[in-house]
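In the UniProt record's numbering, the protein residues as written are 1 to 457. Just so it is clear, CB atoms sit at the ideal spot from N, CA and C, and this is done for glycine as well.
Right, here's the structure in full:
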């Protein structure tokens, strides 16, 4: 096994069939051939090569005609896969039409073919990512709306803070993934750009034809890509940017997974991962139901972050064609892309099947014996006795309650002479001490995020 995506055991956990196919030898070689075929067609239309040569080349630009084993052996010997592929293509064409194969790859260079194929692979990967993002956004929206009024404890530094709603928590996730969808839309026009410039990007081999730029434009149109404003052989910001995006989006998946892991703790038990028989079970502790999808998401996101950093090293390339940094992309891009799609799929499955336990959320709101609403009482008292005075008073009451849980926070408030002489009635204190009454604008913010998402979507 050379990579997790190659493993029969692990490939469905850390990769997906669709993304693995995109980055496999066969699809990459198909894109090499698509480039060569498009180049021949365009050059024939512009009169640079014979039309019969373009027809003959296109007839042979099919993967099933290529000897992949030979391609692998020759790549090992030569160091790059494009030249041995072109040699096979020329041989195939010349076998049926002697001499016409020599027109293949006319005016192109290895990196033109390789970079363009990489862009096409990233295009297909981004289509999978976009589809997954749409599903995640839909699932997050459904959870946000369903639980927009369900109170729960917010946490700060792993301690209970103040109440909020579970829908508010999910709407924050929804808003983040909405931003990721926007980011992807902004990145794609910069990413989906042809590379075709010849040896150092100047199109010197075609410069005297008078149609060099038309060839570039034609090939871009044939492949559905934008025309580059100038060669980018050693300007790798496009690749580093999409790698950064993958790190961002998997980071968001991991943040959600972290929250799920914490909320699945036995003592908390506010949500559970989707149930399937024996999913996340232990080999020795039958009672266990581990947050297995969340664990995978966390591991994947960390790996993507580490690998994406290598793409910034790959940006530091020498002169017009580099000696080593470019090949970094060959190593890490397939892993980053397949891992990212896997993380998104795990996240989507998690959201679609998430089990939410409102009764336990309510139970946990009560474990501080009412102190979770101390801020609400402090702010109400502060209007009459001053915020800092109220803060110190409520702080002392909370400390007493923590030492002796036999009396609730509310009971201690009504026993306190300063509190009762402040002008706040017992009824008002009782209202303030209900956590469900102190969720702020949770519901309104949920609806705002959902409305904005629908408008932009």
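Could you pull out every residue in the same chain whose Cβ sits closer than 8 Å to the Cβ of residue 18, ignoring the five residues on either side in sequence? Here residue 18 corresponds to residue number 18 of the chain shown, with the count starting at 1. Excluding sequence neighbours, residue 18 sits near 128, 341.
Round the Cβ separation of residue 44 and residue 61 to the nearest angstrom and send it over; I've been treating them as touching at under 8 Å. Translated into the one-based positions of the chain shown, residue 44 becomes position 44. Translated into the one-based positions of the chain shown, residue 61 becomes position 61. With 8 Å as the limit, residue 44 and residue 61 do not qualify as a contact, their Cβ atoms being about 13 Å apart.
Taking just the CA atoms, how far does residue 163 sit from residue 191? Indexing the chain shown from 1 puts residue 191 at position 191. Indexing the chain shown from 1 puts residue 163 at position 163. Straight-line Cα distance between these residues: approximately 43 Å.
If you follow the beta strand (DSSP E) that residue 156 is in, where does it begin and where does it stop? For the purposes of this step, residue 156 is taken as the residue at position 156 of the chain shown. Start and end: 151-156.
Using a Cβ-Cβ cut-off of 6 Å (strictly less than) and excluding sequence neighbours within five positions of residue 94, which residues of its own chain qualify? Position 94 of the chain shown, counted from the start, is the residue given in the question as residue 94. Result list for residue 94: 101, in chain order.
Scan the UniProt domain "Adenylosuccinate lyase C-terminal" (369-450) and note each continuous alpha helix (DSSP H) run of 4 residues or more that stays entirely inside, going in chain order. 374-385, 387-403, 409-415, 417-420, 426-432
Measuring straight from C-alpha to C-alpha, what distance separates residue 81 and residue 47? As a position in the chain shown, residue 81 is number 81, starting the count at 1. As a position in the chain shown, residue 47 is number 47, starting the count at 1. For residue 81 and residue 47, the distance between alpha carbons rounds to 29 Å.
I'd like to confirm the pairing. Which residues does DSSP put opposite residue 199 in its beta bridges? As a first step, residue 199 must be located in the chain shown, where it is residue number 199. DSSP output for residue 199 lists no bridge partner at all.
Could you compute how far the alpha carbon of residue 317 sits from the alpha carbon of residue 78? The residue given as residue 317 occupies position 317 in the chain shown. The residue given as residue 78 occupies position 78 in the chain shown. Each residue's alpha carbon lies about 21 Å from the other.
For the segment 150-170 and the segment 362-374, state whether three or more C-beta atom pairs, one from each stretch, are separated by less than 8 Å. yes
Name the one or two DSSP bridge partners that residue 165 has. The residue you call residue 165 lines up with position 165 of the chain shown. In the DSSP output, where bridge partners are listed per residue, residue 165 has 151.
Selected residue, minimal CA-CA separation from residue 14, among 343, 42, 421: What you label residue 14 is simply residue 14 of the chain shown in a count that begins at 1. Among 343, 42, 421, the Cα nearest to that of residue 14 belongs to 343.
Buried or exposed: where does residue 455 fall if 16 or more other Cβ atoms within 10 Å of its Cβ makes it buried? Here residue 455 is taken as the residue at index 455 of the chain shown, counted from 1. Model confidence at residue 455 stands at a pLDDT of 44, short of 50, so the residue's coordinates are unreliable and nothing is read from them.
Can the beta-carbon of residue 52 be found less than 8 Å from the beta-carbon of residue 97? One-based indexing of the chain shown puts residue 52 at position 52. One-based indexing of the chain shown puts residue 97 at position 97. Yes, Cβ-Cβ distance for residue 52 and residue 97 is below 8 Å.
Assess, as a yes-or-no matter, whether the segment 198-211 is touched by the segment 106-119 under the definition of 3 or more beta carbon pairs within less than 8 Å. yes
Among 56, 85, 57, 58, whose alpha-carbon lies nearest the alpha-carbon of residue 70? Residue numbering aside, residue 70 sits at position 70 when the chain shown is read from its first letter. Checked all of 56, 85, 57, 58; the closest Cα to residue 70 is 85.
Start and end residues, alpha helix (DSSP H) containing residue 253: In the chain shown, counting from the first residue as 1, residue 253 sits at position 253. That run of the alpha helix (DSSP H) goes 237-263.
Check whether the Cβ atoms of residue 187 and residue 242 sit closer than 8 Å, and answer yes or no. Start at 1 with the first residue of the chain shown, and residue 187 comes out as number 187. Start at 1 with the first residue of the chain shown, and residue 242 comes out as number 242. The answer is yes: Cβ separation under 8 Å.
Is the separation between the beta-carbon of residue 20 and that of residue 338 shorter than 8 Å? What you label residue 20 is simply residue 20 of the chain shown in a count that begins at 1. What you label residue 338 is simply residue 338 of the chain shown in a count that begins at 1. In this structure, residue 338 lies closer than 8 Å to residue 20 by Cβ.
Have a look at 401, 301, 50, 444 and flag the residue whose alpha-carbon is nearest the alpha-carbon of residue 99. Mapped onto the chain shown, residue 99 falls at position 99. Minimum Cα distance to residue 99 is reached at 50.
Integer Cβ distance of residue 258 from residue 303, believed to fall under 8 Å: Indexing the chain shown from 1 puts residue 258 at position 258. Indexing the chain shown from 1 puts residue 303 at position 303. The pair is not a contact, with the Cβ atoms about 16 Å apart (cut-off 8 Å).
In three-state terms, what does DSSP make of residue 144? By 1-based counting over the chain shown, the position of residue 144 is 144. Three-state DSSP puts residue 144 in a helix.
Looking at the strands, I want to know which residues DSSP matches up with residue 272. Translated into the one-based positions of the chain shown, residue 272 becomes position 272. Residue 272 is bridged to 355.
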